[in-house]
Every structure is written in C-alpha cells, then in structure tokens.
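Here the working numbering is used: the first residue of the first sequence is 2, the next is one more, and so on.
The C-beta atom is built at its ideal place from N, Cα and C for all residues, glycine as well.
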Amino acid sequence: MGGPQESNEEDSVPELPEVETVVRQLAPCIEGRTVRRATLRARDLYRSGSLSLASVRASRVEGVERAGKAIVIRLGGGLPGVEMLVVHLGMTGRVVVPGATGGGMPVMEPAVAGSLPPFAGVAYGGRHRHGRIVFVGGPELWYVDPRRFGYLFVGPADGLRDRLHIGPDPFELTARAMSARLRGRKAPIKSLLLNQRVISGIGNIYADEILYHAGMHPLRSGASVERDTGILLRRARTVLRRAIQHRGTTLRDYRTPDGRRGSFQSCLLVYAREGERCRRCGARIRKIVVAGRGTHFCPGCQRAPRRARAR
DNA sequence: AGCTTCGCCTGCTTGC
DNA sequence: TGCAAGCAGGCGAAGC
2 MGGPQESNEE DSVPELPEVE TVVRQLAPCI EGRTVRRATL RARDLYRSGS LSLASVRASR
62 VEGVERAGKA IVIRLGGGLP GVEMLVVHLG MTGRVVVPGA TGGGMPVMEP AVAGSLPPFA
122 GVAYGGRHRH GRIVFVGGPE LWYVDPRRFG YLFVGPADGL RDRLHIGPDP FELTARAMSA
182 RLRGRKAPIK SLLLNQRVIS GIGNIYADEI LYHAGMHPLR SGASVERDTG ILLRRARTVL
242 RRAIQHRGTT LRDYRTPDGR RGSFQSCLLV YAREGERCRR CGARIRKIVV AGRGTHFCPG
302 CQRAPRRARA R
C-alpha cells in the first residue's frame, strides 16, 4: 500500500466540543427571550415521554447549557412541567439562528443560511428543517436534521440526566469516580468511552484521539485501565479543551451556528489517518472495528493487550 | 447485568 | 450512465 489512503471522510459528528461551541453561541441569542410559538413537524423526533414542542410557548429561556452531547435549554414561566427543552443533535442535527442580531454570536442572515455549504449534502431549510421556535421580538431557532438521528425532549428538569441516560462528562468526573465506573468492566475501553451512561460527551473521533494521547490500545478492557484512570481523564480533558478552543472538528460539512468551520481537524493524530504515519513514532496508523465503530490507533504508541496482540 | 449486534435514517461512494 | 449495495454513526432495543 503506497502512501496515505484517500479515506472516505465522514462528516464530523457533534461531540462535546462541538456541542459546547453551539451552546456558547446560542446562549447570548436566546437567553431572556420568550417563546411566541414552536412547532415540530416530525413526531418521531421526540424522545419518549416528551411533551409537545408547542408546549414551550410563553416560556422564557433562563439559560442554555450542555449535558454530555445534549443542548439543554432551561425554561421558566410557561406551562407547568415545561422546565427543559433538550436538543440532541444526533449525528447530523444542527441548530440554526437565521437573521439573529445582537448578543454577538450566531449572526446568520436567511440568505447566508441558504447559501452555506450544504450539510451532509443538503442545504438548510426545506424538508429537513423539522423544528422551528419563534421568539417574541427576537430571532428564530431552526432545528435541521437530514438523517434524523437527533431528538428533542420537553419536560420537567427533575431527573433529566437519568431519563436521557447522560452520565457525567470528563470535566465533571474525578479520577476516583471514573475508576469506579470502569471497575470490573470487560468491554473494550473504546466501547466504554462511547457509552454515554458511563461517561458522556465523547464520540468516535475524540475517543480515538483520547486513547492515542493516553497511550492506550482501544481493545484494552475497562478493568485493565482502571489503575490508569488519572492519565486517561487528564488526556481526555486536554483533548476536549483544545478542541473547544478550535470550535470543534470540521472534516467536511460541520459548521458552528454562525457558519464557521471548526479547526481541530488539523490536530487529529489518528482519526481519519489510516495508513498515514504516526507523527510521534512513524508507525502506520491502523483502522479496526471495535463495538461496530471504525477505530483508529497507532500500533507503536498504543500497545495491544496480550489477548489481541496476535493480529 | 454486561456486552454485542441490529436497525433506524439519509446521502455519498463504490462496484457492476 | 444508472442503479443497488455498502458505509457512516448515536443510541435504544433486542439478543446472547
């Protein structure tokens, strides 16, 4: 095999850094605003147990936060039980604030929204614009999701994270707490990093990057890295923090709400680099399948567990 | 209970 | 050129 492979780049999916970027841009746009009306076209985009999106009418946005990979919009002053609107972007979901002004952030005129590079091959609006929230005297918020892997949830704040299966993220965990979560687990560490109930916010791209920086082979069992949780957690935070500073990763189509590209792709050391040389040791980056997900690692820097060493 | 596999859904890429 | 199959991926459900 000569030279780097032209791999079929996936679009980057919204993980913790991308969602954090969205939250930071969205907050100044809608905080303090009151919802005039809200509609969701596709019923199947509701997470089970959700109230109708229309029920957020007359609620005021009290804050915009992130829980794992989910956007959490805290609401008040509306109907009883309407305390949270949660937007999970799945893999191709986006929030768009067309024509927003003030607050500084997502300034995207409708014309701009229409002319942005298509997302997963699809322009904004049209049949993929499933949700729409109109604020009193303020902007609109669109929910666009071509592949419909995302979800919305409207309901009470109580027990929200349990209900949505969102565990603590790497910034919320202590090394001790994370050790406890890995204890006795036989699943590969890669699978556990992707398991949002175990640790939230990490998806396929950052899982591979974090394991590379931690020098851990993706097939090592959770139990076997339990002692090295300190390193794993520190590396996770470093990678995620840097990615947030870069406004996330844009491999192809991902854009922040104000239409900019992320730039962390230039920092990726294993993901989407199959067949290329490791920048640290020169070995060729390999790609295997773990837990059904494409998994990239450096065979030089991430030594295989004994059981998997044969390959 | 823990772990793996499947299927959802759509658009792009690959292969015939 | 056109069409079908394959693939990607978060995550819940089903299966082991």
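Taking 7 Å as the cut-off, the Cβ atoms of Pro140 and Val98 count as close.
Between Ala208 and Leu194, the gap from beta carbon to beta carbon is short of 7 Å. The distance from the Cβ of Leu153 to that of Lys70 is about 14 Å, inconsistent with a contact at the 8 Å cut-off. In terms of CA proximity to Glu21, Val88 leads the group Val88, Ser49, Asp163 and Ser60.
If you compare the alpha carbons of Leu270, Leu269, Arg248 and Gly185 with that of Arg261, the shortest gap goes to Arg248.
For Met179, the enclosing alpha helix (DSSP H) starts and ends at Ala176 to Leu183. Bounds of the beta strand (DSSP E) holding Val62 are Arg61 to Ala68. Leu233 sits away from Ala244, with the two beta carbons spaced by 7 Å or more. Here the alpha carbon of Arg281 sits roughly 55 Å from the alpha carbon of Gly78.
Distance from the CA of Ile289 to the CA of Ser192, rounded to the nearest whole angstrom, comes to 13 Å. Beta-bridge annotation (DSSP): Thr35 is paired with Arg61. For Gly132 and Val291, the gap between their C-alpha atoms comes out near 34 Å.
Around the beta carbon of Ala39, 16 or more other beta carbons lie within 10 angstroms, which makes this residue buried.
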